[in-house]
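Sequence positions in the sequence shown follow our numbering and run -12 to 224. Just so you know, even glycine gets a beta-carbon here, dropped at the ideal spot from N, CA and C. Every value quoted in this text rests on a predicted model; they were computed, and no experiment measured them.
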Amino acid sequence: MRLDKYLSKALGLTRKEAKELIRKGEVKVGDEVVKKADYKVPEGASVFVEGQKVEAKDKVYIMLNKPKGYLSTTERDKDYPSFLDLIPEYEHLEPFAAGRLDVDAEGFLLVTNDGQLAHRITHPKWKVPKTYEVLLEKPLSEGDIEKLQKGEVLVEGKPVAVERVEVSDPNRVLLTITEGRYHIVKKTFERLGNRVLNLKRVAIGDIKLDEDLLEGYYRELTEEEVQRLKRSVGLEK
Ligand code: URA
């Protein structure tokens, strides 16, 4: 990558500002001051601005179909691998999951290193809907559906932010909620005297998990999908 591009990525500068820094002799690659904006930064080289190391990390946005048995945290534990083990080629970009999924849950894990977007997607203020396909131990009654729809199910004293409930067969439900409290879907159905047997996240915002994306596989979001997500949380016009 050209040095001016590297700097604008690393520091959020315009190309012009980056060129100016380079021209002033403020930029070193390794031990050498480099004064050429089109200098090609070698792979793995360290770049310093005014003595401080800077890094140009590309932003990454991945739709991963997390299988059960994988953690949505970046730390492995002795029992389970991390989702990072499914995307080793991205690990150097230090991505994390925007919204956790339990180890026994599966489906859409949005993996990114864009902290601002991740924060907004998970913050209740922005009400980003997440849709879960839920298999229940017992059929859901009309009364249960009504309680859910009316926001009458309380978890830890607070109504669950339900946006939509769709029942396909009596034990299967598509639940869309706009919050992300810990174990929220499981706790919601526990409050109704039921139990979640299988939990799969199938959508985040208006982005649906690709039906043909096999478990453990992933793809990068398109530019258009990223813009849509950003727009939904006030980060793009
Ligand atoms: N709700 C849960 O109970 N578990 C998840 O993984 C996500 C939402």
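In this model, L73 and M(-12) are separated by some 27 Å (Cα to Cα). Proximity of the beta carbon of H170 to ligand 1 is indicated: a heavy atom of the ligand is located closer than 7 Å. Three or more Cβ pairs closer than 8 Å define a contact, and the stretch 121 to 139 meets that threshold against the stretch 169 to 183. For S(-5), the enclosing alpha helix (DSSP H) starts and ends at L(-10) to L(-2). The continuous stretches of beta strand (DSSP E) do not include A5, which lies in the alpha helix (DSSP H) extending over residues R2 to R10.
Just so you know, the alpha carbons of F83 and R188 end up roughly 17 Å apart. In the displayed model, R87 falls within coil according to three-state DSSP, outside both helix and strand. According to DSSP, residue pairing for E129 in a beta bridge does not occur. Secondary structure note for K174: its alpha helix (DSSP H) is the uninterrupted segment I171 to R178. DSSP assignment within the stretch 31 to 106 yields the following whole beta strand (DSSP E) runs of 3 residues or more, N-terminal first: 34 to 36, 39 to 41, 48 to 53 and 93 to 99. Contact annotation: G192 and V142 have beta-carbon atoms that are not nearer than 8 Å. Annotated as proximal: G167 and G86, with beta-carbon spacing under 8 Å.
Between the stretch 133 to 142 and the stretch 168 to 178 there are three or more C-beta pairs closer than 8 Å, enough to call the two in contact.
Residue range K117 to L123 is occupied by the beta strand (DSSP E) that includes L122. Of the heavy atoms belonging to ligand 1, at least one sits nearer than 7 Å to the Cβ of A92. For L88, the distance from the CB to the nearest heavy atom of ligand 1 is below 7 Å. The C-beta distance from L8 to V36 rounds to 6 Å, short enough to fall under 8 Å.
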